[in-house]
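Chains as they are written, first to last, in the numbering used here: chain A, 2 to 326; chain B, 285 to 586.
C-beta atoms are modelled at their ideal positions from N, C-alpha and C, and glycine is treated no differently.
Accompanying notes for the structure given below.
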Amino acid sequence: MKTLKNPLKSNAIKSKIILQFAAAVMLSFSWVQNAAAQLNVTVTTGMIADLTENIGGENVKVTALMGSGVDPHLYKATQGDLRRLTQADLVLYNGLHLEGKMQEIFDKLARKKPVFAISDRIAETRLLRHGAVHDPHIWFDVQLWIEAGKRITEILAEQDPEHAKAYQQRAQNYLNKLAELDSWVQQQIQQIPQQKRILITAHDAFGYFGKAYGLNVMGLQGISTAAEFGLQDIKQLKDVIVANHINAVFVESSVSPRFIESLVKGVAAEGHQLHIGGELYSDAMGLADTPEGTYIGMVRHNVSTIVSALIHSTLKDQQTAQGNP
Amino acid sequence: MTTFIQDHLSDLWILATASLVAISCALVGVFLILRRQSLMGDAISHSVLLGIVLAFMLSGTRDLPVLLGGAVLIGLVTAWLSDSLHKVGNLQKDAGIGIVFTLFFAIGVILISLYAGQIDLDQECVLYGEIAFVPFDTIIWGDMENGIDLGPRAFWSIAIVFALVLASIWIAFGRLQTVSFHPSLAASLGINVLFWHYFLMTLVSLTTVASFDAVGAILVVALLVIPAASAYLLAKSLKNMLWLAALYAEVAVLTGYALAVWLDSSISASIAVCAGLLLFLTVVGLQIHKLRLQKRAVKTLA
Numbered sequence: 002m003k004t005l006k007n008p009l010k011s012n013a014i015k016s017k018i019i020l021q022f023a024a025a026v027m028l029s030f031s032w033v034q035n036a037a038a039q040l041n042v043t044v045t046t047g048m049i050a051d052l053t054e055n056i057g058g059e060n061v062k063v064t065a066l067m068g069s070g071v072d073p074h075l076y077k078a079t080q081g082d083l084r085r086l087t088q089a090d091l092v093l094y095n096g097l098h099l100e101g102k103m104q105e106i107f108d109k110l111a112r113k114k115p116v117f118a119i120s121d122r123i124a125e126t127r128l129l130r131h132g133a134v135h136d137p138h139i140w141f142d143v144q145l146w147i148e149a150g151k152r153i154t155e156i157l158a159e160q161d162p163e164h165a166k167a168y169q170q171r172a173q174n175y176l177n178k179l180a181e182l183d184s185w186v187q188q189q190i191q192q193i194p195q196q197k198r199i200l201i202t203a204h205d206a207f208g209y210f211g212k213a214y215g216l217n218v219m220g221l222q223g224i225s226t227a228a229e230f231g232l233q234d235i236k237q238l239k240d241v242i243v244a245n246h247i248n249a250v251f252v253e254s255s256v257s258p259r260f261i262e263s264l265v266k267g268v269a270a271e272g273h274q275l276h277i278g279g280e281l282y283s284d285a286m287g288l289a290d291t292p293e294g295t296y297i298g299m300v301r302h303n304v305s306t307i308v309s310a311l312i313h314s315t316l317k318d319q320q321t322a323q324g325n326p
Numbered sequence: 285m286t287t288f289i290q291d292h293l294s295d296l297w298i299l300a301t302a303s304l305v306a307i308s309c310a311l312v313g314v315f316l317i318l319r320r321q322s323l324m325g326d327a328i329s330h331s332v333l334l335g336i337v338l339a340f341m342l343s344g345t346r347d348l349p350v351l352l353g354g355a356v357l358i359g360l361v362t363a364w365l366s367d368s369l370h371k372v373g374n375l376q377k378d379a380g381i382g383i384v385f386t387l388f389f390a391i392g393v394i395l396i397s398l399y400a401g402q403i404d405l406d407q408e409c410v411l412y413g414e415i416a417f418v419p420f421d422t423i424i425w426g427d428m429e430n431g432i433d434l435g436p437r438a439f440w441s442i443a444i445v446f447a448l449v450l451a452s453i454w455i456a457f458g459r460l461q462t463v464s465f466h467p468s469l470a471a472s473l474g475i476n477v478l479f480w481h482y483f484l485m486t487l488v489s490l491t492t493v494a495s496f497d498a499v500g501a502i503l504v505v506a507l508l509v510i511p512a513a514s515a516y517l518l519a520k521s522l523k524n525m526l527w528l529a530a531l532y533a534e535v536a537v538l539t540g541y542a543l544a545v546w547l548d549s550s551i552s553a554s555i556a557v558c559a560g561l562l563l564f565l566t567v568v569g570l571q572i573h574k575l576r577l578q579k580r581a582v583k584t585l586a
């Protein structure tokens, strides 16, 4: 027995799928103009999106190319990112080579529309250098981030003079909050005993943080999360850990924890106690709609994690010292 | 119509660049498949790291032309050396490729950690392009402010390579055919087999590095292997296979781009997926065809 297929039906489904597909293609091909008088701002990282939203408020529509949790070093563009850039009225990026090869694209795009690196006005003396290149992770020094905020306010007021007042007002408000955050971080770090202020993480993202708040920062990997690290790097780190009685090291949200875990095991094998002090947000913020999904929340999380782990290890030291007189 | 073209200029540049990359890779890939060296593209994608690091150390700059030059040279050395290992060392072809590119990649990693540890210097960051951003990276004639926009840099560089590949195959078709299928016959006919071999490897290295710069690594590796492999399943002659490979590559580009638009996904990954799907469909189609032929044969026998 042969069962007859209903050719009409299967054809109908097929053509429906094809039609939907074609419609999706057509839709995305037609540049839809934004009806509202909002300034379309496309930014690279989540941190810049957060800063721009806080200053721009309802006058801007911010789109970030790199979603939450995406390491800028490992970012892959999608077809929609092309549209996000062509449709933007204004493009903001971090600069200092954080965006890697995209830098050339921004230079070229600047011929057609306003494109700015938010770090372009930060004084040379305040930047960290590694040989010929700058460390791009400026957001970990809250004062530098305030500078970046001022620059964004300037740019927004220039591009959208009608709402300049609103931008300046919101900026004053938010940057005051950042100044409070800065002094809070200072206070928190002061609680850690001087000789314990050593921060060990997976890659060198916390240089500005260390410089601004007086911590000695060491990383396993270089600046780029894509680079490998050498045996000497691990040995040096181990020596520092043992010599300074460090008990806590930190993993990062955007870097695989396995290197730090192997470091912990390696040091433990030599009879020194070392544990993972917690997870820090480095190159990307936490998920949207969580406290760590905002810049302030991210900094607070990082600082609390660092302070409690390092202080905790100090207390433990004292206990063991009292235990074995 | 003019506004349509203006509105979709970016899409058209991307499609044009992707098509040129795809067809160049497919044509070169045909010869690689026939010589059982399909993974040469993958090998070059790793060994270019050494070329980039050496170029950086010798010149001290991260300028793209310098690094590209280093990458092409090391690509050539990879192709040459892995084949020499096969010829002189009597190793299998795939083993030769595997040895050379891992060695080069490893040397590159050591050099980076010795001399360039503090700098973002890896092929991912300095060489591999992103096809979505091809329309923005244009060549400007004259100064940055008022110069004339000549279109995407990647498009022109890959267009030159495409012309070179096409011209080489056009002019040397007979030679390449003989060398690929009957190397011993070619040698007895007085054809310089070694020369044509190195000629082909130069073509491979140029095509891969130029394509890496234009569209990134996954797409190039996929396009070197998959369209040529699909064509291999169907083709009856070398000419036939070249045409089919180019056709498969172009269809993969068009459907892949549509898929990327639809899903808002990476364009290169979508094109690679479509190329893979086309190959899969071809295999299934051929199997069904074979089964039908068998059934018919059984029927006629009965």
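Roughly how many angstroms lie between the CA atoms of Leu91 of chain A and Glu253 of chain A, to the nearest whole one? Answer to the nearest angstrom: the Cα atoms are 31 Å apart.
Under the rule that 16 or more other beta-carbon atoms within 10 Å means buried, what is Asn177 of chain A, buried or exposed? The residue in question, Asn177 of chain A, is exposed, as its Cβ has fewer than 16 Cβ neighbours within 10 Å.
Between B:Gly431, B:His330, B:Arg437, which lies nearest to Trp297 of chain B when the distance is taken from Cα to Cα? Checking every option, the nearest Cα to that of Trp297 of chain B belongs to B:Arg437.
Helix, strand or coil at Lys62 of chain A [DSSP, three-state]: If DSSP states are grouped into helix, strand and coil, Lys62 of chain A belongs with the strands.
My assumption, with CB atoms under 8 Å, is that Val314 of chain B sits in contact with Ala512 of chain B. Please give the rounded CB distance. Taking the Cβ atoms as the reference, Val314 of chain B lies roughly 5 Å from Ala512 of chain B, within the contact range of under 8 Å.
Taking only beta carbons into account, state which residues of the segment 542–559 of chain B come closer than 7 Å to chain A, listed in chain order. For the segment 542–559 of chain B, the set of positions with a beta-carbon nearer than 7 Å to some beta-carbon of chain A reads Ala542, Ala544, Val545, Trp546, Asp548, Ser549, Ser550, Ile551 in chain order.
Any contact of the segment 203–217 of chain A with the segment 133–144 of chain A, i.e. 3+ C-beta pairs under 8 Å? The segment 203–217 of chain A is in contact with the segment 133–144 of chain A.
For the segment 80–164 of chain A, list the beta strand (DSSP E) runs that are entirely contained and at least 3 residues long, ordered along the chain. Taking only runs of at least 3 residues, the beta strand (DSSP E) segments lying wholly in the segment 80–164 of chain A are 91–94, 116–118.
Decide if Ile572 of chain B is buried, meaning its Cβ has at least 16 other Cβ atoms within 10 Å, or exposed. A residue is called buried once 16 or more other Cβ atoms fall within 10 Å of its Cβ, and Ile572 of chain B, having fewer, is exposed.
Among B:Gly413, B:Leu450, B:Ser489, B:Leu395, the one whose alpha carbon lies nearest that of Ala327 of chain B: Answer by Cα proximity: B:Ser489.
Using a C-beta cutoff of 8 Å, does Ala206 of chain A count as contacting chain B? Ala206 of chain A does not count as touching chain B.
Delimiting residues of the beta strand (DSSP E) encompassing Asn1 of chain A: No information on residue 1 of chain A is available, as it lies outside the stretch 2 to 326 that chain A covers here.
Indicate the three-state DSSP secondary structure (helix, strand or coil) for Thr291 of chain A in the structure shown. Assigned with DSSP and collapsed to three states, Thr291 of chain A falls in coil, not helix or strand.
Member of A:Leu75, A:Met67, A:Asp72 whose CA lies at the smallest distance from the CA of Gly81 of chain A: Looking at the Cα atoms, A:Met67 is the closest of the given residues.
Short CB-CB distance (under 8 Å) between Thr422 of chain B and chain A: For Thr422 of chain B, at least one C-beta of chain A is nearer than 8 Å to its own C-beta.
For a contact meaning CB atoms closer than 8 Å, what does Ser294 of chain B contact in chain A? By Cβ distance, chain A contributes Leu83, Thr87.
Please confirm if Ile139 of chain A has its CB atom under 8 Å from at least one CB of chain B. Output row for Ile139 of chain A: interface = no.
Continuous alpha helix (DSSP H) assignments of at least 4 residues falling wholly in the segment 484–541 of chain B: For the segment 484–541 of chain B, whole alpha helix (DSSP H) runs of length 4 or above, ordered along the chain, are 501–518.
Can you tell me which of A:Ile277, A:Trp185, A:Asn245, A:Gln195 puts its alpha carbon nearest to the alpha carbon of Ile297 of chain A? Distance check between Ile297 of chain A and each of A:Ile277, A:Trp185, A:Asn245, A:Gln195 places A:Trp185 closest, using alpha-carbon atoms only.
is_contact[Gln80 of chain A, chain B] using C-beta, thresh 8 Å: At a cut-off of 8 Å between beta-carbon atoms, Gln80 of chain A makes contact with chain B.
Are Val143 of chain A and Asp183 of chain A touching if we call contact CB-CB under 8 Å? It is a contact, given that the beta carbons lie within the stated cut-off.
Can you tell me whether Arg171 of chain A is buried or exposed? The criterion is at least 16 other CB atoms within 10 Å of its CB, across all chains shown. The residue is buried, with at least 16 neighbouring Cβ atoms inside 10 Å.
Span separating the alpha-carbon of Ile201 of chain A from that of Ser549 of chain B: The straight-line gap from Cα to Cα measures roughly 36 Å.
Go through its chain and collect everything with a Cβ distance to Leu179 of chain A's Cβ below 6 Å, but skip five positions before and after it. Here Leu179 of chain A has Val143, Ile147 as same chain residues with Cβ atoms under 6 Å from its own Cβ, once five neighbours each way along the sequence are excluded.
For a contact defined as C-beta to C-beta under 7 Å, what are the partners of Glu414 of chain B on chain A? In chain order: Ala78.
Using a Cβ-Cβ distance cut-off of 8 Å, determine whether Phe417 of chain B contacts chain E. In the structure shown, chain E does not exist; the protein chains are A and B.
State the Cα-Cα distance for the pair Phe587 of chain B and Ala300 of chain B, rounded to the nearest angstrom. As displayed, chain B neither begins before 285 nor continues past 586, which places residue 587 of chain B out of reach and without an answer.
Hey, is Ile106 of chain A's beta-carbon within less than 8 Å of any beta-carbon in chain B? Yes, because at least one Cβ of chain B sits closer than 8 Å to the Cβ of Ile106 of chain A.
Going straight from the alpha carbon of Leu507 of chain B to that of Val304 of chain A, what length do you get? C-alpha separation (whole angstroms): 48 Å.
Compare the C-beta of Phe30 of chain A against all C-beta atoms of chain B and say whether one is closer than 8 Å. Because Phe30 of chain A carries a pLDDT of 48, less than 50, the predicted location of this residue cannot be relied on, and the following value inherits that uncertainty. So yes, Phe30 of chain A belongs to the interface.
Just to confirm my understanding: we take Glu293 of chain A, look at its own chain, exclude 5 residues before and 5 after, and list those with CB closer than 8 Å. What are they? The residues are Tyr282, Met286, Gly287, Met299, His302.
Endpoints, the alpha helix (DSSP H) within which Leu434 of chain B is located: DSSP places Leu434 of chain B outside any alpha helix (DSSP H); the residue lies instead in the beta strand (DSSP E), whose first and last residues are 432–436.
Taking the alpha carbon of Phe389 of chain B as the reference point, which residue from B:Val418, B:Val337, B:Trp527 has its own alpha carbon closest? In terms of CA proximity to Phe389 of chain B, B:Val337 leads the group B:Val418, B:Val337, B:Trp527.
Flag Leu129 of chain A as yes if its beta-carbon sits less than 8 Å from any beta-carbon of chain B, otherwise no. Not closer than 8 Å to any Cβ of chain B, the Cβ of Leu129 of chain A fails to qualify, so no.
As assigned by DSSP and simplified to three states, the class of Leu304 of chain B: Correct three-state label for Leu304 of chain B: helix.
Got a sec, what are the start and stop residues for the beta strand (DSSP E) His370 of chain B sits in? Taken as a continuous stretch (DSSP letters only), His370 of chain B belongs to no beta strand (DSSP E), being part of the alpha helix (DSSP H) at 348–372.
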